[in-house]
Structures are given as structure tokens and as C-alpha cells.
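Since the structure comes first, as C-alpha cells, the remarks are kept for the end.
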Amino acid sequence: MTLNDLISQIPPLDEAAMAEARARQDQLTKPQGSLGRLEELSIQIAGVMANPRPVIRHKVITVMAGDHGVVAEGVSAFPQEVTPQMVVNFLNGGAAINVLARHVGARVVVVDMGVVADLPDHPGLVKKKVAYGTANMTQGPAMTRDQAEQAILAGADVVRAELANGLDILGTGDMGIGNTTPSAAIAAAFTGRDPADIVGRGTGLDDAGVQRKIQVVRQALAVNQPDPTDALDVLAKVGGFEIAGLAGAMLAAAAHRRPIMVDGFISTAAALIAVGLAPAVRPYLIASHHSQEQGHGVMLDWLGLQPLLDLNLRLGEGTGAALGVSLAEAACKILDEMATFAEAAVAGKLE
164 MTLNDLISQI PPLDEAAMAE ARARQDQLTK PQGSLGRLEE LSIQIAGVMA NPRPVIRHKV
224 ITVMAGDHGV VAEGVSAFPQ EVTPQMVVNF LNGGAAINVL ARHVGARVVV VDMGVVADLP
284 DHPGLVKKKV AYGTANMTQG PAMTRDQAEQ AILAGADVVR AELANGLDIL GTGDMGIGNT
344 TPSAAIAAAF TGRDPADIVG RGTGLDDAGV QRKIQVVRQA LAVNQPDPTD ALDVLAKVGG
404 FEIAGLAGAM LAAAAHRRPI MVDGFISTAA ALIAVGLAPA VRPYLIASHH SQEQGHGVML
464 DWLGLQPLLD LNLRLGEGTG AALGVSLAEA ACKILDEMAT FAEAAVAGKL E
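Quick note, the sequence shown lines up with residues 164 to 514 if you use my numbering.
In C-alpha cells:
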């Protein structure tokens with residue numbers, strides 16, 4: 164399948180299912196609109212899944228991992244060796260995302276999109292390595308255009324494979340030391356904002372480190388001149404393999420009418436790429452939370468997304484997405500399981 168084939172398969176939301184879901188919400192035993200965002204969320208998911216009473220049972224969080232040549236510029240407080248070490252931690256069930264996924268009843272799918280190290284074989288690891296990390300984007304493109312497309316299609320393949328195991332909602336997660344730097348560059352390219360408005364502390368940089376990181380992003384943009392009207396160009400020049408994989412996963416989820424729970428800064432950079440490639444993806448996206456990372460609000464505004472939570476999270480891994488998945492499931496249960504006034508034999512409507 165080509166990238167254009169994948170993009171062409173994304174349908175619009177089902178307006179009839181949304182209208183039916185909205186009508187049912189207005190008949191449930193509560194004042195109309197009193198469950199706020201949960202009502203809106205259930206109606207959106209009805210449209211996504213073309214089902215006026217959607218049910219979320221199979222919850223999947225894909226954590227995609229990749230390394231970045233730009234770490235040579237000193238943009239991270241952690242060394243690159245942490246990326247494969249954390250992937251092993253995910254596989255052993257010991258990371259924050261594993262805990263939260265167990266909490267919400269989701270399965271975690273770990274994908275090597277471009278880790279510098281060779282990872283051990285493990286039944287929980289999907290190997291889609293495009294290369295051993297990206298090139299240093301301050302010196303030229305992070306990857307070739309062909310590699311960018313390959314990584315997107317690899318991410319889409321992960322979702323297609325998981326559909327066979329049951330997938331009603333996709334949560335997105337990431338791992339990659341240094342990956343807030345390409346994410347900031349992607350955001351700056353699309354929004355036109357100065358990197359100083361977007362670049363944050365990442366894994367915990369001090370003030371001098373943040374200033375250095377801003378200059379690194381400015382240099383990468385100046386050297387590569389990514390074209391914001393060509394999302395594949397932006398991805399190839401200043402992106403990352405895990406970001407590409409997540410963008411592909413989003414495209415595939417939308418093509419199969421599955422809601423997409425977007426995590427924080429890195430996942431939202433992937434959403435910028437996905438929407439840049441296929442604007443039809445946007446109504447399938449749900450922003451799980453507002454990251455503490457400085458530029459996340461700029462990215463959400465560009466996408467037109469309102470986050471469900473604001474918990475000062477900045478970990479990544481899909482941790483915010485896991486919590487968002489729980490809310491999506493709750494929203495659908497309200498729509499499906501609550502009684503209507505007629506069913507409950509409650510007189511009139513509550514005001």
C-alpha cells in the first residue's frame with residue numbers, strides 16, 4: 164500500500180450516527196449537557212466509529228521508539244543509552260505507561276522504529292527499524308523522503324496488525340532521548356512561530372540548556388527550510404522515526420474508523436504531520452491532556468483540539484493517552500448504559 168492509498172481510505176465522520184447519539188444523550192436521565200465534555204466525546208466517537216452507541220473494549224497504546232542524531236548538540240539532560248534501556252523497561256512492564264495501561268485495561272504495543280541499539284528479541288516488541296537513529300538535523304535532513312514514507316507506512320502496519328487482535332481505540336506514546344527537539348522543530352515549521360515560543364525543558368534542561376536547544380531548532384530550520392505545505396518534507400527534514408510511525412498509526416486508525424487518543428508533545432507533533440498529510444484525520448483525534456512542555460498549547464491550537472486533562476504531565480510514553488482512553492471508555496458507557504427518561508419511567512425532563 165502506498166501513502167496516497169492510505170490517505171484516500173480515511174472517511175468523514177458519520178453524521179447520522181452522531182445525530183442519533185446526540186438525540187440519545189438528550190433523552191438520558193440528566194439535564195441536557197450536564198455531563199459536558201463526556202457527552203461531546205461520546206458523540207464524536209459515535210461519528211468516528213459510525214455507531215450511535217459505540218463500545219470500547221479493546222484499548223491499545225502503541226509506544227514507538229527512535230533515536231535522534233541531534234542529541235550530539237547537547238539538547239537532552241539524559242544520554243542516548245536511555246532509549247533502549249527504557250524500551251526494555253516497557254517490555255518488562257516496569258514503566259509508568261505499563262502501570263497506567265494496566266490501570267485502564269489497555270495493552271501496550273512497543274515498536275522499535277529507529278533505536279540506535281539492536282534490541283533483544285521479545286514477544287512484546289515489534290521491530291520496524293528504519294535506521295539506527297536519524298541524522299543530525301542541524302547538518303542536513305534528519306532522514307530521506309523515502310525513509311519518512313517507509314516509517315509512516317510501518318506505523319500504519321502496526322495498527323493494521325493490532326486490529327486483528329482487537330482495537331477499539333488507539334492511544335499514542337513515544338520513547339526517544341532528544342525527541343522534544345524535532346517535535347519543536349515540526350511545530351515551528353507548521354505554525355510559523357519562533358522556536359523560543361515552543362522549545363521547552365524536555366527531560367529537565369536548565370536555562371542555558373533551553374537557550375542552546377532553541378538555537379539548535381533555529382539552525383535545523385535554517386539549514387533545511389522545511390516546507391509547511393508538504394508534511395512529508397517537514398517530517399523528513401526535522402522529524403524522527405518514532406514520530407513518523409505514530410503519524411502512520413494515526414492515518415491507519417482513522418482509515419479503519421478508530422478514535423485516536425493523542426498523548427503529549429511528541430504525539431502531538433506526529434498529529435501535526437498526520438493532519439498535514441491528510442486533513443481528514445483531524446476529527447478522529449482526541450487530545451488527552453495539555454503537556455507541561457511549553458509549546459504544546461501552540462500545537463493544540465493549530466490542530467483545533469481542546470485537551471481533556473491538564474495534570475502538568477511531561478513524561479510521554481503514552482501516559483496521558485492512557486488516562487484519556489479511560490475517559491473515552493467512560494463517555495461511551497454513559498451513552499450506552501444510562502437509562503433514558505422513558506426507560507426509567509422518570510416523568511418529564513430534568514432541568
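C-beta atoms are modelled at their ideal positions from N, C-alpha and C, and glycine is treated no differently.
Quick caveat, the model's predicted, so the values are computed rather than measured.
Beta-ladder partner(s) of A508, from DSSP: Indexing the sequence shown from 1 puts residue 508 at position 345. DSSP, once it has assigned bridges, lists no residue as partnering A508.
First through last residue of the beta strand (DSSP E) which encompasses A228: The sequence position of residue 228 within the sequence shown is 65, counting from 1. Where A228 is concerned, the enclosing beta strand (DSSP E) stretches over 222 to 229.
Cβ neighbour criterion (16 or more within 10 Å) applied to N167: For the purposes of this step, residue 167 is taken as residue 4 along the sequence shown, with counting starting at 1. When all chains shown are included, N167 counts as exposed.
Cα-Cα separation, Q382 to I219: Here residue 382 refers to the residue found at position 219 of the sequence shown. Here residue 219 refers to the residue found at position 56 of the sequence shown. Rounded to the nearest angstrom, the two C-alpha atoms are 44 Å apart.
Pairwise C-alpha distance: M462 and A359: For the purposes of this step, residue 359 is taken as the residue at position 196 of the sequence shown. For the purposes of this step, residue 462 is taken as the residue at position 299 of the sequence shown. Distance between the alpha carbons of A359 and M462: 14 Å.
Host alpha helix (DSSP H) of L384 (start-end): On the sequence shown, residue 384 is found 221 positions in, with the first residue counted as 1. Unbroken alpha helix (DSSP H) run through L384: 370 to 387.
Backbone CA spacing between V509 and E500 [nearest angstrom]: As a working note, residue 509 is residue 346 in the sequence shown. As a working note, residue 500 is residue 337 in the sequence shown. The alpha-carbon atoms of V509 and E500 are separated by roughly 16 Å.
Boundaries of the alpha helix (DSSP H) in which A350 is found, first to last residue: Mapped onto the sequence shown, residue 350 falls at position 187. A350 -> alpha helix (DSSP H) spans 343 to 354.
First through last residue of the alpha helix (DSSP H) which encompasses I260: As a first step, residue 260 is located in the sequence shown; it is residue number 97 there, counting from the start. Counting along the chain, the alpha helix (DSSP H) containing I260 begins and ends at 259 to 267.
Beta-carbon proximity of L198 to Q188, cut-off 9 Å: Start at 1 with the first residue of the sequence shown, and residue 198 comes out as number 35. Start at 1 with the first residue of the sequence shown, and residue 188 comes out as number 25. Yes, Cβ-Cβ distance for L198 and Q188 is below 9 Å.
Cβ neighbours of K290 in the same chain (closer than 6 Å, five flanking residues each side left out): Translated into the one-based positions of the sequence shown, residue 290 becomes position 127. Counting only Cβ-Cβ distances below 6 Å, and skipping sequence neighbours, we find D275.
Pairwise C-alpha distance: M164 and D393: Mapped onto the sequence shown, residue 393 falls at position 230. Mapped onto the sequence shown, residue 164 falls at position 1. Approximately 20 Å, taken between the alpha carbons.
A180 versus T192, R420, T431, residue with shortest Cα-Cα distance: For the purposes of this step, residue 180 is identified with residue 17 of the sequence shown, where counting begins at 1. The candidate whose alpha carbon is nearest that of A180 is R420.
Outcome for P451 when other beta-carbon atoms lying within 10 angstroms are tallied against a minimum of 16: Here residue 451 refers to the residue found at position 288 when the sequence shown is read from its first residue. The residue you asked about is not Pro; residue 451 is Ser in the sequence shown. Buried, because 16 or more other Cβ atoms sit within 10 Å of the Cβ of S451.
The ligand FAD heavy atom lying under 8 Å from the CB of Q188: As presented, the structure is devoid of all ligands, the ligand FAD included, so that no description of it is given.
Identified DSSP bridge partners for V425: Within the sequence shown, residue 425 is the residue found at index 262, counting from 1. Looking at the DSSP assignment, V425 forms a beta bridge with A450.
Bounding residues of the beta strand (DSSP E) (the contiguous stretch that carries L516): Because residue 516 is not part of the residues shown, which for the chain are 164 to 514, the question remains open.
Chain-order list of residues whose beta-carbon lies under 7 Å from that of A418 (same chain, five-residue window excluded): Here residue 418 refers to the residue found at position 255 when the sequence shown is read from its first residue. Cβ neighbours of A418 beyond the five flanking positions: L169, Q172, I173.
Secondary structure of D320, DSSP reduced to three states: Position 157 of the sequence shown, counted from the start, is the residue given in the question as residue 320. The answer is helix: DSSP assigns D320 an H, G or I state.
Proximity to S346 [Cα-Cα], best of I315, V380, R308, E202: Indexing the sequence shown from 1 puts residue 346 at position 183. S346 has its Cα closest to that of V380, out of I315, V380, R308, E202.
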